[in-house]
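Here is the structure we will look at, set down as structure tokens.
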């Protein structure tokens, strides 16, 4: 009987810890917990940081197209931006706040004209929202640190995840891997 009680208590503690761990990865109010990465893609650990808010400054620091895409949920035309078809090793960061978003090792050619990845560099670095614009339901992908609109995720991607994170080129800043 004591063993059973111990196992129940242990499983209950595991649920509480898992809930706390999951809750800590989502943005809460004006803070976000993300996994930080060096420019060469090495994880530096989780950090809870203030959300990046530059409301009046976004116009000054972003190109007009990057502003429209990231701050107003726009979309660049397919095949229109240099780098959509980049294949070098490296890291993709948010153009607005520099949060690490994707490793180039998960990028693939989806033939859509936008950079596509089969998973983010860390699940807590992005968040997803239902998008009902244009009379359809899609899943929007945003930067967890600054809420920049990055693109959408679809379930028609390659293995191992079956996902296609279809991102706007102007929402990403590529950092080539140093050799």
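Residue numbers (the numbering used here): 1 to 179.
Ideal Cβ placement from N, Cα and C applies to all residues, glycine included.
To the nearest angstrom, how far is the alpha carbon of residue i from that of residue j?
| i | j | result |
| --- | --- | --- |
| residue 114 | residue 48 | 30 Å |
| residue 82 | residue 169 | 8 Å |
| residue 102 | residue 67 | 20 Å |
| residue 91 | residue 44 | 14 Å |
| residue 122 | residue 71 | 22 Å |
| residue 163 | residue 143 | 17 Å |
Buried or exposed: where does residue i fall if 16 or more other Cβ atoms within 10 Å of its Cβ makes it buried?
| i | result |
| --- | --- |
| residue 149 | buried |
| residue 56 | exposed |
| residue 79 | exposed |
Give me, in chain order, the residues of the same chain whose beta-carbon lies closer than 6 Å to that of residue i; leave out the 5 immediate sequence neighbours on both sides.
| i | result |
| --- | --- |
| residue 97 | 52, 145, 146 |
| residue 151 | 141, 166, 167, 168 |
| residue 138 | 131, 152 |
For the putative contact between residue i and residue j, defined by C-beta atoms under 8 Å, what is the C-beta separation to the nearest angstrom?
| i | j | result |
| --- | --- | --- |
| residue 89 | residue 125 | About 19 Å; that fails the 8 Å criterion. |
Got a sec? Which residues, its chain only, sit under 8 Å from residue i by beta carbon, not counting five neighbours each side?
| i | result |
| --- | --- |
| residue 69 | 75, 76, 149, 168, 170, 171 |
| residue 36 | 43, 44, 45, 46, 47, 100 |
Please work out which residues of its chain come closer than 7 Å, Cβ to Cβ, to residue i, disregarding the five sequence neighbours upstream and downstream, and give them in chain order.
| i | result |
| --- | --- |
| residue 161 | 118, 119 |
* Between the region 122-135 and the region 167-178, are three or more C-beta pairs nearer than 8 Å? -> No, the region 122-135 does not touch the region 167-178.
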